[in-house]
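Engineer: The working numbering puts the first residue of the sequence shown at 1008, with every later residue one more than the last.
Submitted below is the structure of interest, expressed as structure tokens.
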Amino acid sequence: MKEFEASLQSLRGLNVDISQEAAEIKDYTNFLQQISGDAIMNLFQRKYIHSLIVGVGLIVFQRFGGVYAFLFYAGTIFESADTIFILLQIITTTLGAVLVDVSGRRLMLLISTVGACLGCIITALAFVFEVYLGFLQLGLGGIPWIIMSEIFPINIKGSAGSLTILVSWIGSWIVSYTFNSLFDWSSIGTFFLYGAICGLGVLFIWKLVPETKGRTLEEIQASMMNGRRY
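Written out as structure tokens, the structure reads:
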């Protein structure tokens, strides 16, 4: 016990009062010794449901947010864009030749210029898809794993980790298996779908995911078991 207090004092600083934190850690350790061990079914106890929903939910939104579709099928995406470009050129050139004497030169020029303006803006956004990947990796790519190491008590951490890794691999398989079919159905619609999933992820994080920065593991896990975020 003296070694524990000495280590904690060294970690926090020599001038910091660690008595309350040390007492909380001791109480929490005693509590863990009294409850059942690590078993997969223990995850589904009422007191762990909030942690389970947060842990699994973050992985689901991480996998289905579209980043892995980009990483797995970047070549297919850009190849499809080239094909669409050629077809669109043929269609619009033919349409312009037909409509120029029907709608008038001025109207066609206005429509063409407005469309070109919007197209340039959309094209500019398409060229910054690295920003999309960057934002995903900034938080959704790695932080879910950090949070999962904090929200699950020691007695179920192993089972929780196994379950979330299983969900992660299943999610990756589903994305890789369904992407081609979705892309054939609608290339634009596919990424609107991924965007909608990210939107749901924002609501999920806002409502359910706790802020863990600056809090001890004991405080985080106690608040999660009581159904509180903070």
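Built from N, CA and C at the ideal position, the CB exists for glycine as well.
Does the ligand COA have a heavy atom nearer than 6 Å to the CB of K1033?
Structural biologist: Summarising the ligand content, the structure contains no ligands, and the ligand COA is consequently not present.
Engineer: Is the separation between the beta-carbon of L1065 and that of L1059 shorter than 7 Å?
Structural biologist: Working through the sequence shown from its first residue, we reach residue 1065 at position 58. Working through the sequence shown from its first residue, we reach residue 1059 at position 52. At least 7 Å separates the beta-carbon of L1065 from that of L1059.
Engineer: Grab the span of the alpha helix (DSSP H) containing G1168 for me, first residue to last.
Structural biologist: Indexing the sequence shown from 1 puts residue 1168 at position 161. G1168 -> alpha helix (DSSP H) spans I1161 to W1192.
Engineer: If we call anything under 7 Å between Cβ atoms a contact, is E1012 one with A1029?
Structural biologist: Residue 1012 sits at position 5 when you count from the first residue of the sequence shown. Residue 1029 sits at position 22 when you count from the first residue of the sequence shown. Yes.
Engineer: Should T1219 and I1227 be called a contact, given that it needs their Cβ atoms to be closer than 7 Å?
Structural biologist: For the purposes of this step, residue 1219 is identified with residue 212 of the sequence shown, where counting begins at 1. For the purposes of this step, residue 1227 is identified with residue 220 of the sequence shown, where counting begins at 1. Cβ atoms of T1219 and I1227: closer than 7 Å.
Engineer: Below 7 Å between beta carbons: does that hold for M1231 and I1158?
Structural biologist: Here residue 1231 corresponds to residue number 224 of the sequence shown, with the count starting at 1. Here residue 1158 corresponds to residue number 151 of the sequence shown, with the count starting at 1. The answer is yes: Cβ separation under 7 Å.
Engineer: Given a threshold of 16 other Cβ atoms within 10 Å of its Cβ, counted over all protein chains shown, does W1199 qualify as buried or as exposed?
Structural biologist: Against the sequence shown, residue 1199 aligns to sequence position 192. The residue you asked about is not Trp; residue 1199 is Phe in the sequence shown. Answer is exposed; the Cβ neighbour count stays below 16.
Engineer: When you compare each of F1190, P1217, I1153 and G1149 to A1070 by their alpha carbons, which one comes out closest?
Structural biologist: Locating residue 1070 in the sequence shown gives position 63, counting from the first residue. The identity of residue 1070 in the sequence shown is Arg, whereas the question assumes Ala. Closest option to R1070, Cα to Cα, is G1149.
Engineer: Tell me whether G1248 sits in a helix, a strand or coil according to DSSP, three-state version.
Structural biologist: The chain is shown from 1008 up to 1237; residue 1248 falls before or after that span and cannot be answered.
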